[in-house]
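Heads up: the sequence shown is residues 1 to 528, going by full-length UniProt numbering. By construction, the Cβ of each residue, glycine as well, lies at the ideal position given by its N, Cα and C atoms. Please read these numbers as outputs of a predicted model, since none were measured by experiment.
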Amino acid sequence: MRRTRTQGQGAARRGRDRRARILPTRPGTSRVRGTPPTVAVVGAGIAGLAAATALAERGVAVTLYEKRPYLGGRVGGWPVELRDGTTATMSRGFHAFFRQYYNLRGLLRRTDPGLERLTGLPDYPLRHSTGLRDSFRHVPRTPPLSALGFVALSPSFRLADLRAMDPRAALPLLDVRVPEVYDRLDGTSAHAYLDAVGFPESARHLAFEVFSRSFFADPRQLSAAEMALMFHIYFLGSAEGLLFDVPRAPFPAALWDPLARRLARHHAEVRTGTAVEHLEPTRDGGLVATTGRDERRYDAVVLALDIAGLRSLVGRCAQLGDAPWRERIGRLRTAPPFLVSRLWLDRPVAPDRPGFLGTSGFGTLDNISVLERYEDEAARWSARTGGSVVELHAYAVPPGAARDVEEKRLLEQLRRVYPETGPATVLDARHEWHEDCPLFPVGGYGDRPTVRTPHPRLVVAGDLVRTGLPVALMERAATSGFLAANALLERWGVRGQTLWTVPDRGRSALLRALATLGRTPAGRGRAD
């Protein structure tokens with residue numbers, strides 16, 4: 001449904017794009033009436049927190065379960081004691097809060113209306129080992145000038161390369177729609193699609209691999225539909241641009257502790273350190289959730305788990321959903337492992353180093369963050385010691401890679417990219433190695449769950465979910481959490497959360513017309 005001035009009371013997107021799309025909720029009461037229904041939200045990552053918040057605000061009796069001792073899931077944080085005796089907050093690494101993330105930012109506005117706990121980084125620089133550098137600081141934000149400006153300003157694009165491209169193969173990027181983009185491109189890998197377009201190798205690393213590796217996946221494993229969707233969200237579909245915000249403080253202090261206090265004010269029960277081990281449907285339509293400590297009956301359940309957790313729980317619950325649904329859940333796959341190394345150095349990096357740098361061609365190193373440039377806790381440590389807090393990311397680590405070897409390689413690449421760190425002593429280090437991000441493989445779209453399930457009171461949320469909307473990564477998690485809450489609230493006649501997305505199609509009528517020229521059966525690629 002398209003945006004109108006009268007829809008979505010209190011749902012201002014707070015962005016600059018006037019073509020952002022509103023998805024108004026169904027009419028209903030503002031809160032539940034009578035005895036509040038009970039809902040268990042299993043998983044307290046972004047999706048679970050969004051669902052729990054929307055439900056609790058409307059008078060639902062919410063219990064939020066999280067097996068970890070902290071909130072936020074993959075964007076959570078926990079205390080660690082450094083060798084010098086000070087306490088720091090460790091996490092699973094840098095996250096960019098893009099201005100297109102309307103629903104995630106709406107969740108954060110619950111406790112920070114002006115988003116003052118976020119700060120914008122002045123640039124999104126990219127550096128290749130060949131010496132090529134790209135920047136989004138001066139790229140226009142309004143499409144199609146954003147894409148044209150990037151090509152014009154980037155040294156990665158040469159005239160000869162542009163002449164060699166196949167414009168017909170690239171036409172679908174001009175009008176990306178969901179779910180149609182999956183019908184067309186899900187059977188092709190991102191790597192194969194870029195080959196078909198003839199996209200320049202140097203520009204491919206800087207302009208597109210940054211997207212595929214944001215999914216913790218090698219382009220040969222990633223569906224081209226997901227890459228095309230990312231291109232739409234950031235380049236041709238939105239006027240918000242590619243610059244982003246980051247939290248001024250560690251994730252718990254900036255984001256989740258305030259939200260937990262808000263949930264408590266709405267009488268939600270937050271049970272961290274508690275995993276739901278089994279779900280059993282009841283004859284009256286509800287579900288019983290069993291933990292290691294107790295079991296409780298609920299009127300409905302939101303499953304907001306990562307793929308491993310979802311597969312494990314569904315696999316233990318033979319009565320949950322139906323057999324085809326459980327089989328599809330069982331086929332879901334996780335992306336390759338990734339590594340985050342955070343180093344506390346005894347001396348500072350050069351003063352001109354950015355807070356965030358994307359890299360390509362430096363082995364498995366994908367980006368470098370200098371935390372004291374934006375995070376208050378790291379800035380205090382840096383001011384006290386004269387050192388730097390540096391974070392290194394390796395996405396999609398090769399199969400069979402040894403942790404200790406990869407950790408050493410990241411440090412070697414840091415010294416290659418930032419030579420002044422060569423003589424630095426590592427005063428302390430923490431390494432996070434995980435393999436729990438969703439993989440969006442070639443041809444895998446049909447297996448991904450939707451919010452609704454065969455059980456009318458069981459819904460699913462998370463960045464693995466098919467929403468039918470132009471959202472991805474953290475924004476898909478937040479959006480699916482709100483959609484899950486809305487699906488349950490609709491049953492009880494309660495008005496849900498109004499949502500926003502980037503436009504659901506190409507912005508220009510001319511570009512949409514051109515895109516139709518590329519919509520032929522011959523345009524379908526193949527997996528490589």
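Outcome for residue i when other beta-carbon atoms lying within 10 angstroms are tallied against a minimum of 16
{"i": "Ser30", "result": "exposed"}
{"i": "Asp17", "result": "buried"}
{"i": "Ala509", "result": "exposed"}
{"i": "Ala396", "result": "buried"}
{"i": "Thr479", "result": "buried"}
{"i": "Gln100", "result": "buried"}
{"i": "Gly386", "result": "exposed"}
{"i": "Pro247", "result": "buried"}
{"i": "Pro423", "result": "exposed"}
{"i": "residue 536", "result": "The displayed coordinates of the chain run from 1 to 528. Any statement about residue 536 would go beyond what the structure contains."}
{"i": "Arg105", "result": "buried"}
{"i": "Pro398", "result": "exposed"}
{"i": "Ala152", "result": "exposed"}
{"i": "Thr63", "result": "buried"}
{"i": "Ala513", "result": "exposed"}
{"i": "Glu435", "result": "exposed"}
{"i": "Asp186", "result": "buried"}
{"i": "His191", "result": "buried"}
{"i": "Arg296", "result": "exposed"}
{"i": "Thr516", "result": "exposed"}
{"i": "His232", "result": "buried"}
{"i": "Glu475", "result": "buried"}
{"i": "Pro456", "result": "exposed"}
{"i": "Ala20", "result": "buried"}
{"i": "Pro441", "result": "buried"}
Distance between beta carbons of residue j and residue i, contact taken as under 8 Å
{"i": "residue 576", "j": "Arg353", "result": "Residue 576 lies beyond the residue range present for the chain, which begins at 1 and ends at 528; the question has no answer from this structure."}
{"i": "Arg137", "j": "Pro113", "result": "Not really, about 28 Å apart at Cβ, beyond 8 Å."}
{"i": "Glu116", "j": "Ala249", "result": "Actually they do not touch by this definition, with Cβ atoms about 11 Å apart."}
{"i": "Thr334", "j": "Glu66", "result": "No, Thr334 and Glu66 are not in contact; Cβ-Cβ is about 19 Å, not under 8 Å."}
{"i": "Val301", "j": "Val39", "result": "7 Å"}
{"i": "Ser189", "j": "Pro155", "result": "Not confirmed; about 27 Å, so no contact."}
{"i": "Ala275", "j": "Thr291", "result": "6 Å"}
Contacts around residue i, its chain only, beta-carbon distance under 8 Å, and the 5 residues preceding and following it disregarded
{"i": "Arg403", "result": "Leu339, His431 and Trp433"}
{"i": "Leu236", "result": "Pro143, Pro144, Ser146, Ala147, Leu173, Leu174, Val176, Gly506, Arg507 and Leu511"}
{"i": "Leu411", "result": "Ser341, Leu343, Leu392 and Val426"}
{"i": "Cys317", "result": "His278, Leu279 and Glu280"}
Sequence-distant residues of its chain with Cβ nearer than 7 Å to residue i (five each side left out)
{"i": "Gln9", "result": "Residue confidence is low: Gln9 scores 37 on pLDDT, short of 50, so the model does not pin down where it sits. Its coordinate-derived value is still stated next. Excluding positions up to five away in sequence, the list is empty."}
{"i": "Glu81", "result": "Thr87"}
{"i": "Trp492", "result": "Val32 and Pro37"}
{"i": "Arg5", "result": "Because Arg5 carries a pLDDT of 35, less than 50, the predicted location of this residue cannot be relied on, and the following value inherits that uncertainty. No residues qualify anywhere along the chain."}
{"i": "His266", "result": "Ala56 and Glu57"}
{"i": "Asp447", "result": "Arg328, Arg331 and Leu332"}
{"i": "Ala394", "result": "Phe338, Leu339, Thr364, Leu365, Asp366, Glu406 and Leu410"}
{"i": "Leu439", "result": "Ala217, Gln221, Arg333, Thr334 and Ala335"}
{"i": "Ala378", "result": "Leu371, Glu372 and Val389"}
Cβ-based neighbour list, residue i, same chain, cut-off 6 Å, excluding 5 preceding and 5 following
{"i": "Ala169", "result": "Ala196 and Val197"}
{"i": "Ser129", "result": "Gly361 and Phe362"}
{"i": "Pro281", "result": "Leu287 and Gln319"}
{"i": "Gly72", "result": "Phe251 and Trp256"}
{"i": "Arg26", "result": "Glu490"}
{"i": "Ala50", "result": "Leu107, Ala478, Gly481 and Phe482"}
{"i": "Gly241", "result": "Arg141"}
{"i": "Ala61", "result": "Pro36 and Thr38"}
{"i": "Ala11", "result": "For Ala11, the predicted structure reports a pLDDT of 49, less than 50, and the residue's modelled location is therefore unreliable. A value from the coordinates is still provided. Correct list, in chain order: Thr498."}
{"i": "Ala54", "result": "Phe482, Ala485 and Gln497"}
{"i": "Ala429", "result": "Leu343"}
{"i": "Gly308", "result": "Reading off the sequence shown, one finds Ala at residue 308, where the question assumed Gly. So the qualifying residues of the chain are Asp436."}
{"i": "Pro125", "result": "Ser135, Pro354 and Leu357"}
{"i": "Pro258", "result": "Thr111"}
In DSSP terms, what residue i is bridged to
{"i": "Asp245", "result": "Phe97 and Gly120"}
{"i": "Ala61", "result": "Thr38"}
{"i": "Trp492", "result": "Paired residue(s): none; Trp492 is not in a bridge."}
{"i": "Asp134", "result": "Leu126"}
{"i": "Glu66", "result": "Thr272"}
{"i": "Val370", "result": "Val390"}
{"i": "Ile22", "result": "Trp500"}
{"i": "Val340", "result": "His393 and Glu432"}
{"i": "Val178", "result": "Answer by DSSP bridge pairing: none, since Val178 is not bridged."}
{"i": "Ser360", "result": "His128"}
{"i": "Ser189", "result": "Ser223"}
{"i": "Val459", "result": "Val302 and Arg452"}
{"i": "Thr29", "result": "Val494"}
Cutoff 9 Å: residue i Cβ touching any chain B Cβ
{"i": "Leu145", "result": "No chain B appears in the structure shown, which is made up of a single protein chain."}
Worksheet item: In chain order, which continuous runs of the alpha helix (DSSP H) of length 4 or greater are located wholly inside the stretch 72-128?
Response: Correct list: 102-108.
Worksheet item: Hey, which unbroken runs of the beta strand (DSSP E) at 3 residues or more fall wholly within the stretch 268-334?
Response: Taking only runs of at least 3 residues, the beta strand (DSSP E) segments lying wholly in the stretch 268-334 are 269-272, 276-281, 287-291, 295-298 and 300-303.
Worksheet entry | Continuous alpha helix (DSSP H) assignments of at least 4 residues falling wholly in the stretch 377-450 | Here the runs fully enclosed are 403-417.
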